[in-house]
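K.L.:
Quick note: the sequence shown, position 494, residue 494 per my numbering, numbers continuous.
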Amino acid sequence: MNSQNPLLVEWSAPFGLPPFEAIKPEHYRPAYDAALRQHEAEIAEIAGNPSPPTFENTIDALELAGQVLNRVGGVFWNLSGTDSTEELREIERDLSPVLARHFAAISLNERLFARIAALYDNRRNLTLRGEQERLLELTYKSFVRTGARLEGTNRARFAEIAERLASLEMRFAQNVLADETNYVLGLNEDDLTGLPGDVKAAASQAARDRDLSEPFAVTLSRSSVELFLSYGSRRDLREELFNAWIARGEHPGATDNRPIISEILGLRRERAQLLGYRTFADYKLEPTMAGTPQAALDLLDQVWAPARLKAAKEGQDLQRIADFEGANFKIGAHDWRYYAEKLRVREYDIDQGVLSAYFQLEKMIDAAFYCAERLFGLQFTTRPDLPVYHPEVRAFEVRDRDGRHLAIFYGDYYARSGKRSGAWMSNFRSQRKLGGDIRPIVVNVMNFPKPRPGDAALLSPMDVLTLFHEFGHALHGMLSDVVYPSMSGTATPTDFVELPSQLFEHWAFEAEILRKFAVHHETGAPIPQDLIERFVTARNVNQGFATVEFCASAYVDFLLHARPDWPPDVVAAEKEILANIRMPQEIAMRHRTPHFSHIFAGDQYAAGYYSYLWSEALDADGFTAFEESGDIFDPVVAERLRTYVYAAGNQRDPNDAYRLFRGRKPEFTALLRKKGLASSA
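1. In this structure, does DSSP put MET487 in helix, strand or coil?
2. Can you give me the C-alpha to C-alpha distance between GLU137 and LEU274, rounded to a whole angstrom?
3. Contact between the region 547-567 and the region 307-318: three or more CB pairs below 8 Å?
4. Could you tell me the distance, in whole angstroms, from the CA atom of LEU99 to the CA atom of LEU165?
5. If ALA491 and GLY649 are in contact, beta carbons under 8 Å, what's the gap, nearest whole angstrom?
6. From the DSSP secondary-structure annotation, give me the bridge partner or partners of GLY411.
7. Across the region 180-195 and the region 434-443, are there enough close Cβ pairs to call them in contact, namely three or more that are closer than 8 Å?
8. Closest by CA to ASP557, which one among GLU576, ARG539, ASN109 and ASN542?
9. Would SER597 and VAL144 qualify as a contact pair, given that the criterion is a beta-carbon distance under 7 Å?
10. Rounded to whole angstroms, what's the CA-CA distance from GLU667 to SER611? Just pull it up for me.
11. DSSP beta-bridge partners for ASN427?
12. Taking buried to mean at least 16 other C-beta atoms within 10 Å of its own C-beta, is THR279 buried or exposed?
13. For the region 459-541, which segments carrying the alpha helix (DSSP H) assignment without a break, of at least 4 residues, lie completely within its bounds, in sequence order?
14. Cutting at 7 Å between CB atoms, please list the residues of its own chain near ILE599, excluding the five before and the five after it.
15. If the criterion is Cβ atoms closer than 7 Å, does the pair ALA552 and MET589 meet it?
16. With a floor of 3 residues, list each beta strand (DSSP E) that falls wholly inside the region 161-219, ordered by position along the chain.
17. According to the Cβ coordinates, are ALA395 and ARG383 closer than 7 Å?
18. If we ignore side chains and look at the alpha-carbon of each, how far apart do HIS27 and VAL9 end up?
19. Would you call LYS330 buried or exposed, if buried means 16 or more other Cβ atoms sit within 10 Å of its Cβ?
20. How big is the Cα-Cα spacing for ILE59 and VAL482?
21. For the pair the region 458-472 and the region 621-631, tell me if three or more CB-CB distances fall below 8 Å.
22. Leaving aside the five residues before and after VAL645 along the sequence, list all residues of the same chain whose C-beta is less than 7 Å from its C-beta, in chain order.
23. So the candidates are GLU341, GLN529 and THR494; which of them puts its Cα closest to the Cα of PHE509?
24. Based on Cα-Cα distance, which residue from TRP614, PRO461 and ALA474 lies nearest to SER223?
25. Taking PRO25 and LEU88 to be in contact with their CB atoms under 8 Å, please state how far apart those CB atoms are, rounded to whole angstroms.
26. For LYS433, I'd like the list of residues in its chain whose CB is within less than 6 Å of its CB, leaving aside the five on either flank, ordered along the chain.
27. Taking the alpha carbon of ALA281 as the point to measure from, which residue in VAL199, ALA202, ALA678 and LEU559 has its own alpha carbon closest?
28. When burial is assigned at 16 or more other CB atoms within 10 Å of the CB, is ALA173 buried or exposed?
29. For my contact list, ILE23 and VAL75 are in at a C-beta cut-off of 8 Å; report their separation, rounded to the angstrom.
30. Which residues bound the beta strand (DSSP E) around THR381?
31. Using only alpha-carbon positions, find the residue among LYS674, ARG71, GLY524 and ARG171 that is nearest to ILE264.
32. Give the DSSP-derived three-state secondary structure of HIS251 in the structure shown.
33. What runs of the beta strand (DSSP E), each 3 residues or longer, lie entirely inside the region 621-678?
34. Pull up the distance between the alpha-carbon of GLU226 and that of VAL393, whole angstroms please.
35. Exposed or buried, which one is ALA681 when buried takes at least 16 other CB atoms within 10 Å?
36. Checking 7 Å against the spacing of the C-beta atoms, do LEU187 and GLU214 come in under that value?
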């Protein structure tokens, strides 16, 4: 290997962290080429082993293969999502089909699969531990689900589909990023009527970051958009910004995702049918907690009716406010958040601008750390000496209650040009015990508006939930305690993987946390008790709207992938689905199809966006275990939660994992109570 390439040498930084400063774009492709060759050689050695297959020489060997490839990819894909450039996007476009070919060749390697199948067929006679039994089953089924049993032309076609899908999904993601990056709404002081001071300050910083002639700017970062839609008095500007937001990926020309989506849907359907499934949804849900398309649809249907009813009542209340103020229009989707904020002020005396003054980013990070300490005994220490990939990124060392090093955690909190929108958790390195005690390197990425120098970064309540949500994912990665890397951390079915993240959200607005960490950014005064009480009472305001916009996206995702054919016009298909479920016209989908990156920038959540709702049903039921104990940090419940959920990865069936934590099957009725929908059913 090239000793001059920093991606291919042993990393000497503390904890084996990447040498970010030494890594340049020109290093990626040579590093990938070398890593792919090494992985191919490792696979060939396993498949060609003349000895009879054993768990150690086949399954263990597969788990250990590709370590250099994982290391290179861990750096490249993380940085291409946080600091994208045209040079990196070109590498992404070149690499996607190459990687798809590489992994398809492994899945379709007949000699390799023969060894795995021999072990699987003889599994009852092998002396395997529980985690080994689970891994053998998952490995065998993964190979079957990626074409290992196909023959002849079907086998070749399956590989072609995998390669083509990789290219299309990459193009989809890059088109969305391009539309987000290329749009900015320059504003003057008169355009900011109604915006709180911290939101104006963030708009000022955004304009400076973009070198605009106007003094203020709003971008298509979700936090930026939602703040302007919530407070901006200029209805014409709200409409302009909202239309730009929902039209990402739908512009004719180079970034048009509509034909890409049609082709993706067709290829996914064809791939599923090659494997014997009627639809892609049937294929995708087989290994999940839901198990079948009907189970997922049943949950959506159970929630949709009361959510739609509540949203209709909410809409009437908002229209009355608009009418009272002399508005001569029916409120639209670009008006909803604005009048919902007015309703909060009028009915509950909750001004989100006043509330945000108590939600400082620094304090909310401390709050998340505090909850992790109380629940799991974790200690977070700031490490400014550790390498970071951007000056705004913070590094923390995480130690367990016994002082043992557990993980490195990176926090990347502010929006910037070239960063993919949204919020996510990822790994530079996953936890494993096979081949040594390897500790994870975990990152949380957000897109909060960056404040002016010297100002506090203030968060909306939704931003606070986002921070806790992604930190819940991070804990899932950091607390992982499994032997095998392919079962580590968040490598679980999608309708279980959101449980640790959504469950952790519950602690964000508990009174104990608010009293301790919600302090005014100017005076340092703690949030008043009466404001806490009003805020908690008002938590279910707009829940009908929030549930409808989510469920609409989940229905569209699911029903597009549940079709036995594929729609040549995806926007028309989207409209048809929304009409059939009687989508309220004054509410838009949370993610419209042309920019629905969850399901078209990769297939992890394809036919699976419902997973957030499924996991929310689990988290609503799960948090009641703490409430029933009378202590939101009950150590006995927390230990079960750590053992069977956060630390367990995919080492057991997720339905069994939940039962071991909760002591019973989940009761989904808690979801309607949590959302305040039970009385509307």
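Think of the CB as a built atom: it goes at the ideal place given N, C-alpha and C, for glycine as much as any other residue.
P.N.:
Looking at the coordinates:
1. Taking the sequence shown and counting its residues from 1, the one referred to as residue 487 is at position 487. It is helical.
2. Taking the first residue of the sequence shown as position 1, residue 137 is located at position 137. Taking the first residue of the sequence shown as position 1, residue 274 is located at position 274. Roughly 22 Å separates the two Cα atoms.
3. A contact exists between the region 547-567 and the region 307-318.
4. Walking along the sequence shown from the start, residue 99 turns up at place 99. Walking along the sequence shown from the start, residue 165 turns up at place 165. A straight line joining the alpha-carbon of LEU99 with that of LEU165 spans about 11 Å.
5. Numbered from its first residue, the sequence shown carries residue 491 at position 491. Numbered from its first residue, the sequence shown carries residue 649 at position 649. Confirmed, Cβ separation roughly 6 Å.
6. On the sequence shown, residue 411 is found 411 positions in, with the first residue counted as 1. By DSSP's assignment, GLY411 forms a beta bridge with ARG394 and ASN444.
7. Because the criterion of three Cβ pairs below 8 Å is not met, the region 180-195 and the region 434-443 do not touch.
8. Taking the sequence shown and counting its residues from 1, the one referred to as residue 557 is at position 557. The shortest CA-to-CA distance from ASP557 to any of GLU576, ARG539, ASN109 and ASN542 is the one to GLU576.
9. On the sequence shown, residue 597 is found 597 positions in, with the first residue counted as 1. On the sequence shown, residue 144 is found 144 positions in, with the first residue counted as 1. SER597 places its beta carbon 7 Å or farther from that of VAL144.
10. Working through the sequence shown from its first residue, we reach residue 667 at position 667. Working through the sequence shown from its first residue, we reach residue 611 at position 611. Cα atoms of GLU667 and SER611: separation of roughly 16 Å, rounded to the nearest angstrom.
11. Counting from 1 along the sequence shown, the entry for residue 427 is found at position 427. Partner(s): VAL442.
12. Start at 1 with the first residue of the sequence shown, and residue 279 comes out as number 279. THR279 is buried by the Cβ-count criterion.
13. Those alpha helix (DSSP H) runs which fall completely within the region 459-541 and span 4+ residues are 461-478, 494-505, 511-517 and 529-537.
14. Position 599 of the sequence shown holds residue 599. Closer than 7 Å at Cβ, skipping near neighbours: ASP557, TYR605, ALA606 and TYR609.
15. For this step, residue 552 is matched to residue 552 along the sequence shown. For this step, residue 589 is matched to residue 589 along the sequence shown. In this structure, MET589 lies closer than 7 Å to ALA552 by Cβ.
16. 185-187 and 216-218, all fully within the region 161-219.
17. Taking the first residue of the sequence shown as 1, we reach residue 395 at position 395. Taking the first residue of the sequence shown as 1, we reach residue 383 at position 383. One thing to note: ALA395 has its Cβ within 7 Å of the Cβ of ARG383.
18. Translated into the one-based positions of the sequence shown, residue 27 becomes position 27. Translated into the one-based positions of the sequence shown, residue 9 becomes position 9. Approximately 12 Å between the Cα atoms of the pair.
19. As a position in the sequence shown, residue 330 is number 330, starting the count at 1. Counting Cβ neighbours within 10 Å, LYS330 comes out exposed, since fewer than 16 surround it.
20. The residue labelled residue 59 in the question sits at position 59 within the sequence shown. The residue labelled residue 482 in the question sits at position 482 within the sequence shown. Rounded to the nearest angstrom, the two C-alpha atoms are 15 Å apart.
21. The region 458-472 vs the region 621-631: no contact.
22. As a working note, residue 645 is residue 645 in the sequence shown. Cβ within range, chain order: LEU499, PRO500, ALA657 and PHE661.
23. Numbered from 1 along the sequence shown, position 509 holds the residue referred to as residue 509. Closest by alpha carbon: GLN529.
24. The residue you call residue 223 lines up with position 223 of the sequence shown. Ranking TRP614, PRO461 and ALA474 by Cα distance to SER223 puts PRO461 first.
25. As a working mapping, residue 25 is identified with position 25 in the sequence shown. As a working mapping, residue 88 is identified with position 88 in the sequence shown. Yes, they are in contact, since the Cβ atoms of PRO25 and LEU88 sit about 6 Å apart, within 8 Å.
26. Mapped onto the sequence shown, residue 433 falls at position 433. Counting only residues of its own chain and dropping the five nearest sequence neighbours on each side, LYS433 has a CB closer than 6 Å to the CB of VAL483.
27. The sequence position of residue 281 within the sequence shown is 281, counting from 1. Between ALA281 and the set VAL199, ALA202, ALA678 and LEU559, the nearest pair of CA atoms involves LEU559.
28. Counting from 1 along the sequence shown, the entry for residue 173 is found at position 173. It counts as buried.
29. Against the sequence shown, residue 23 aligns to sequence position 23. Against the sequence shown, residue 75 aligns to sequence position 75. Contact holds; Cβ gap of about 6 Å.
30. Working through the sequence shown from its first residue, we reach residue 381 at position 381. Counting along the chain, the beta strand (DSSP E) containing THR381 begins and ends at 379-382.
31. On the sequence shown, residue 264 is found 264 positions in, with the first residue counted as 1. The option with the nearest alpha carbon to ILE264 is ARG171.
32. Residue numbering aside, residue 251 sits at position 251 when the sequence shown is read from its first letter. Coil at HIS251, not helix or strand.
33. The region 621-678 contains no complete beta strand (DSSP E) run of 3 or more residues.
34. The sequence position of residue 226 within the sequence shown is 226, counting from 1. The sequence position of residue 393 within the sequence shown is 393, counting from 1. Rounded to whole angstroms, the gap between the alpha carbons of GLU226 and VAL393 is 24 Å.
35. On the sequence shown, position 681 is the one that residue 681 refers to. Only weak support is given to the placement of ALA681: the predicted model assigns it a pLDDT of 39, under 50, and the value that follows is read from those uncertain coordinates. With fewer than 16 other CB atoms across the displayed protein chains lying within 10 angstroms of its CB, ALA681 is exposed.
36. Taking the sequence shown and counting its residues from 1, the one referred to as residue 187 is at position 187. Taking the sequence shown and counting its residues from 1, the one referred to as residue 214 is at position 214. Between LEU187 and GLU214, the CB-CB gap stays under 7 Å.
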